[in-house]
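Structure record follows, encoded as structure tokens.
There are 2 protein chains.
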Amino acid sequence: MSQLFEQLKPHLDKAYAYRTALVLLSWDNSTLAPKKALANTSKAVAILSGERYKALINKEVKDLLWALSTEKEQAELTAYEKAIVKNVKKNFEDLELIPPQEYQEYQLLLAKSKSAWEYAKTNNDFAAFAPVLKDIIAYTKKFASYKQKEGQPLYDVQLEDFAEGFTTEILDGFFGKLRTELVPLVQKIREKKGFISRDCLHRSYDIDTQKKMARFLSEYVGFDMDRGVIAESMHPFTTNLHNHDVRLTSFYRENGLEYALFCVIHETGHALYEQDIDDEITLTPIGGGAGMSMHESQSRLYENNFGRSKAFWKNLYSKIQAFFPEQLGDVSLDEFYGAINYSEPGLIRTAADELTYPFHIMIRYEMEKMIFENDVDVMELPKIWNQKYEEYLGVVPPTDSEGILQDMHWSGGMIGYFPSYALGSAIAAQLYHYMEKEMPLESYLEEGNLKPIQEYLKEHIHRFGESKNTQELLLETTGEAFNPDYYVEYLIKKYSALYEL
Amino acid sequence: MSQLFEQLKPHLDKAYAYRTALVLLSWDNSTLAPKKALANTSKAVAILSGERYKALINKEVKDLLWALSTEKEQAELTAYEKAIVKNVKKNFEDLELIPPQEYQEYQLLLAKSKSAWEYAKTNNDFAAFAPVLKDIIAYTKKFASYKQKEGQPLYDVQLEDFAEGFTTEILDGFFGKLRTELVPLVQKIREKKGFISRDCLHRSYDIDTQKKMARFLSEYVGFDMDRGVIAESMHPFTTNLHNHDVRLTSFYRENGLEYALFCVIHETGHALYEQDIDDEITLTPIGGGAGMSMHESQSRLYENNFGRSKAFWKNLYSKIQAFFPEQLGDVSLDEFYGAINYSEPGLIRTAADELTYPFHIMIRYEMEKMIFENDVDVMELPKIWNQKYEEYLGVVPPTDSEGILQDMHWSGGMIGYFPSYALGSAIAAQLYHYMEKEMPLESYLEEGNLKPIQEYLKEHIHRFGESKNTQELLLETTGEAFNPDYYVEYLIKKYSALYEL
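These protein sequences, in sequence, are chains A and B.
Start counting the first sequence at 374; every next residue gets the next number (the numbering used here).
Start counting the second sequence at 374; every next residue gets the next number (the numbering used here).
What follows is the structure, encoded as structure tokens:
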């Protein structure tokens, strides 16, 4: 047992305590808090955020971290302890590179940028958001430049924050392949418009019954309600206080059953990851998942590879019919399977089907890369956005609210985050491919025997939390690095069959 | 503006931030958190509690508080600022009198005492709780002795913590009067058993409909849902993050409509108090109510003096019937009014009617006083308890779980807390008496025009928070100190009429 690590522990515990408070405050704000509460409550949030920052960013912690990084001390640490030291030290180093004055200015900017974006989106007024976006881009690029290594593309620095181990080189290859292989497929499906219908999902579905169905479905997939909560929010998300308290939200539309169905399966995919984190690290800085792309791979594996497969619904569908006998009684399994896989290029990322989804991400990727590589005039961005939508998806947003303003990420400084969504889908396909060799995957799905599937994921991925990164986990689990071929093959095979191409 | 007070502010803000986090964690634990979450989450709670303590109990704050207490500095402070300094200084002084070692031992004792009580209650095993209770009594008495002033009864010190300004002398007079005047009344009502029935409240009431009714009722009484939340918990309570985020819970029984009705009105009484606290002090240490007894007076004023009056239901009753046409359609207003005021001595405090309720408190008061004045053998307490129940209420608990173990207060060190409940009822009656002179109170209740009533309470009591104590507020509002006569008169008049005595 390392004495120095023992000295670090109280600091880690404090950071965990602040994180717990802040996660709960944020959860509460999204799910329950009364509408006039925010102004007062956010004063507490600001103070607690400051304390959380100070808990790990201080001289005492710094001395301990550097002392713990010597070879002699490292030899005394467990793998988890090493990962914790590495993780906290990296945060420290990243923050140290940024002058405190600039960091504070940036925090102030972020404090008002979300409402600027909300205003712009509500009023379809990109010009109102443009100056804020311009500043966010400037700060983000400047901060990335502080961390940039010799010869490293600037956007690569930014990607590191969200998808460690993924570079523009890898992503160019990935999106290039998608463009080449999938654009023709999307085009062929457009030509068969009407071949599949999803009208059955748009009948009137009682919301209270949908909520009961959502809970049933989440538990069916594996969510442990003794260690979890399901609530409702405008934008579905999953969060956790620790592995014994994982919370997901869903979202319901009376005339769109697909929202409840797939929001819940998607979020449960995230939630299983969080519930499976090792007890030993759940209260530490490495108690989360291994980065955004791996997290997203789990939600998409459940939502799409499992949740939109025919095997998954073979025996389950009758149970969903039982919730809605009037609405689904006359809909066959095949019709239902078609409906949940209906594909049509659209404007909105979060409403996109499995096939056209990655194009929404590709467009953002290309724009973010361009922003980082060139001096782009912010006011030109909507035009570029619309051109790309026309080129890849054949649709043009009638308003910026339905175009470049649709997502809040950039307003929160999350540039470089989007690629994780598409990477997640590709990683899911890669994992699925290997899991099929390890177990009778399709039979398990048909039988509703999802436990061994989750056990496999827990054993190979979930339990490690952030102690390993996405590329390491992929290599150890599948025996190869990230490989998008499985994803492209999967989509072509699935959609060619569905649309009889 | 006092410069010293400006220096104190960041410390106050920090304490407020920790309080916010802890209140939310506690609320969440009672209403939503998954059942296996507590062990991990309580580690964060322990750390945040420690930080909260340190935020105000430190050398820097001490120096500021003492410096702010000089006559010269006091002259520069507003009334609120003075109250804040006084409040924080009093906490400081109280804590300073207790040796840190003993304080910590006591905290450790409290950390395990609740589960010891729960075990004992579940298993009807008082002996299992007795050693813990013995230690709690010993610590409580020791801590009180540190604060005890020359000639002051020890139990008076303890009472100060919960009902500032109320002494054993006042309480002896109060309970003495209740004993003399009300025991005969209770006896007479026993003899008319069957004269009133409450069977209509024990029909089958759908829980979801009860929840809708509860929300309607709370808003009818005045709860502002834009600044509030209603949830469900085992034991109803009200809490707040600040005046724009006040949260109450209710509790529902399918075969007992009175629970939903009066839990909700009671808790809304507390909640209106919290929503009415002045904006200027809501985020400060004096942002709560003026002590337990005044808080309880507001909940009981709404629950009993208003909520169990005929005027209140005159026009409202038909709206409740509309929620439950099958169950209440054949029940007249008079029958309903009788049912909600049905009186019968029972064993359980929280299920007691308005008339027999104070006897439950009187018994606890007598026992607590005895514990503080004498060296009582803890193992004798159940026997004493049962004797008193037989003497005052004519009932004997068949088990200790339904007797001395029914409430958790003592297990949390809350000795001296119970009297506030009865004081609250008496204060409510005193306020009601004076309010009748100030406004057409009964007409307002009949019309459902509760706004001017709340405005009056806000103006005279609520807005001040803890900046004035209960006795001060009573004197300023009613022109006299605490006077239990109104309460006794009210009960005698009401119950004599109800039971035609």
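Positions of the beta carbon are idealized from the N, C-alpha and C atoms, including for glycine.
Could you tell me which residues DSSP pairs with residue i in its beta bridges?
i, result
"B/Ile603", "B/Leu621"
Determine the extent of the beta strand (DSSP E) in which residue i is found, giving its start and end residues.
i, result
"B/Thr611", "611–615"
Is there a Cβ of chain A sitting closer than 9 Å to that of residue i, yes or no?
i, result
"B/Met598", "yes"
"B/Leu437", "no"
"B/Lys507", "no"
"B/Pro658", "no"
"B/Ile420", "yes"
"B/Ala484", "no"
"B/Val461", "no"
"B/Leu481", "no"
"B/Ala644", "no"
"B/Glu424", "yes"
"B/Leu398", "yes"
"B/His617", "yes"
"B/Lys416", "yes"
"B/Lys875", "Limits of chain B in this structure are 374 at one end and 874 at the other, which puts residue 875 of chain B out of reach."
"B/Asp401", "yes"
Taking Cβ to Cβ, would you say residue i is nearer than 9 Å to residue j?
i, j, result
"A/Ala417", "B/Leu381", "no"
"A/Asn842", "A/Gly538", "yes"
"A/Met598", "A/Ile693", "no"
"A/Ser357", "A/Asp703", "Outside the displayed span of chain A (374 to 874) sits residue 357 of chain A, for which this structure offers no information."
"A/Tyr762", "A/Ile569", "no"
"A/Lys514", "A/Ile744", "yes"
"B/Lys831", "B/Asp618", "no"
"A/Tyr675", "A/Thr641", "yes"
"A/Ile659", "A/Asn413", "no"
"A/Phe502", "A/Tyr492", "yes"
"B/Pro718", "B/Leu766", "yes"
"B/Leu421", "B/Tyr391", "yes"
"A/Asn628", "A/Ser577", "yes"
"A/Asp534", "A/Gly789", "yes"
"A/Tyr738", "A/Ala795", "yes"
"B/Lys435", "B/Gln447", "no"
"B/Leu551", "B/Thr541", "no"
"A/Phe624", "A/Ser606", "yes"
Within 9 Å of any Cβ in chain B, is that where the Cβ of residue i sits?
i, result
"A/Ala412", "yes"
"A/Tyr690", "no"
"A/Tyr391", "yes"
"A/Lys867", "no"
"A/Thr843", "no"
"A/Thr655", "yes"
"A/Val602", "yes"
"A/Ala394", "yes"
"A/Pro407", "yes"
"A/Lys487", "no"
Just curious, the alpha helix (DSSP H) that residue i is in, first and last residue?
i, result
"A/Pro825", "824–833"
"B/Ile650", "Note, B/Ile650: premise wrong, no alpha helix (DSSP H); not H, not E."
"A/Glu449", "444–449"
"A/Thr414", "411–429"
"A/Ser403", "376–404"
"B/Lys494", "473–495"
"A/Gly629", "Note, A/Gly629: premise wrong, no alpha helix (DSSP H); not H, not E."
"A/Ile865", "858–871"
"B/Asn464", "452–469"
"A/Thr513", "499–520"
"A/Leu437", "432–441"
Which bits of chain E does residue i rub up against, with CB to CB less than 9 Å?
i, result
"A/Pro609", "Chain labels in this structure do not include chain E; the protein chains are A and B."
task = Could I get the ranges of all uninterrupted alpha helix (DSSP H) runs contained in the stretch 736–813 of chain B, with 4 residues as the minimum, in chain order?
result = 754–766, 792–811
Unbroken stretches of the alpha helix (DSSP H), 4 residues or longer, contained in the stretch 664–703 of chain B = 665–673, 683–696, 698–701
task = Counting only runs of 4+ residues fully inside the stretch 527–610 of chain B, write out the alpha helix (DSSP H) ranges in chain order.
result = 527–533, 541–564, 580–594
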